[in-house]
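In mature numbering (1 follows the signal peptide of the UniProt record, and there is no 0), the protein residues as written are -21 to -1, 1 to 337.
See structure below.
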């Protein structure tokens, strides 16, 4: 009697797992696609029924995707562009994102993984081998793009399904299950979209990043403030900073604080103040290496000590403005408690701050 109950139950569970693991194809003329205000057209292109997406992002109304596989064919012209796959989307401004840069063909940053928070991409914050790789991108022909998502890691394939293009060791978004979709900045053709859900649980690997004991591991932030409040750097509005609410946030393992993760910007409000409280046993000058994106003013006890710009192309036409411990300031500390303010403004490509003591 027991066996009669157990065996059918096991068979039912196995059948459900197999059903859930099936690859699901979604034609681009399906009503499941949420097109929003994007300009799209269904057409035959180089032998395939495809979606011509002229810009923006579109999402599937379902399923709710956490782990699994997403695949699509892409065909792109030879021009500056950014297009790719979106997954675990909470809404149109918060999701995990992998995209291709055909204008960077053959270069180490021909593609990019980055989370997007509150409408801000983070490619200036997440750069290097963990986030992009070298790739030759041949225009005007069909290519196959695939991403396999497992827990907080993902693997990307391009044309060669046996050799990963990029292995992402840690997805930075910390998003729960969400929508999947595609996006482009300029016209691109997409075809043969499919997904496969994976309901298995995966362990969280230990991060390879180690935190130097000299790295700042938490900051206090304001909400988004008016950019005009800091138009005159030599006359900081101390009363404003005394009236705001400060919230403490931890950094990522390597010391990066992605401000967009925690602060919602608004029109004319893409500036925050990141505060450190430093206690000195005596009057001293103390060195601090730091990185920021995109503009910064540094104050110690209300006195301006540093001003800098790290905007995309702000120094020459090839300048990316990626973050790193590339700058330094020598803080004029007084005996006792000191307040150090980093006024950080975002323009494009990532809103972040990081610092470590010499």
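Each residue gets a CB set at the ideal place from its N, CA and C atoms; glycine is no exception.
Just so you know, these numbers come straight off a predicted model, no measurement behind them.
- By the neighbour-count criterion, in which a residue is buried when 16 or more other Cβ atoms sit within 10 angstroms of its Cβ, residue 307 is exposed.
- Assignment of residue 7 by DSSP, reduced to helix, strand and coil, places it in the coil class.
- Distance from the CA of residue 59 to the CA of residue 182, rounded to the nearest whole angstrom, comes to 38 angstroms.
- Under the three-state reduction of DSSP, residue 307 is assigned to strand.
- Contact between residue 100 and residue 270 fails: their C-beta atoms lie close to 17 angstroms from each other, not under 8 angstroms.
- Taken in chain order, the whole beta strand (DSSP E) runs of length 3 or more contained in the stretch 237 to 277 are 250 to 259 and 263 to 272.
- Residue 293 and residue 43 have their C-alpha atoms spaced approximately 40 angstroms apart.
- As the crow flies, the alpha-carbon of residue 260 is around 51 angstroms from that of residue 61.
- For the stretch 118 to 184, the full-length beta strand (DSSP E) segments reaching 3 residues or more read 122 to 129, 132 to 137, 145 to 147, 158 to 163 and 167 to 176 along the chain.
- The DSSP assignment places 217 to 222 as complete runs of the alpha helix (DSSP H) inside the stretch 206 to 239, in order along the chain (cut-off: 4 residues).
- Nearest Cα to residue 87 within the set 231, 313 and 116: 116.
- Cα atoms of residue 13 and residue 69: separation of roughly 14 angstroms, rounded to the nearest angstrom.
- Counting the other CB atoms within 10 Å of its CB gives residue 157 a total of 16 or more, which places it among the buried residues.
- The Cβ atoms of residue 131 and residue 96 do not sit closer than 7 angstroms to each other.
- According to the DSSP secondary-structure assignment, residue 22 is paired through a beta bridge with 29.
- Just so you know, the alpha carbons of residue 235 and residue 333 end up roughly 5 angstroms apart.
- Residue state for residue 42 is assigned as coil, using DSSP reduced to three classes.
- The three-state reading of DSSP puts residue 82 in helix, counting H, G and I together.
- Contact check for residue 83 against residue 300 fails: the beta carbons are separated by 7 angstroms or more.
- A direct Cα-to-Cα measurement between residue 19 and residue 37 gives close to 10 angstroms.
- Three or more beta-carbon pairs drawn from the stretch 273 to 292 and the stretch 304 to 319 are found closer than 8 angstroms, and the two stretches are therefore classed as touching.
- For residue 248, the CB contacts under 8 angstroms within the same chain, skipping 5 residues up- and downstream, are 203, 204, 205 and 206 in chain order.
- By the 16-neighbour rule on beta-carbons within 10 angstroms, residue 210 is exposed.
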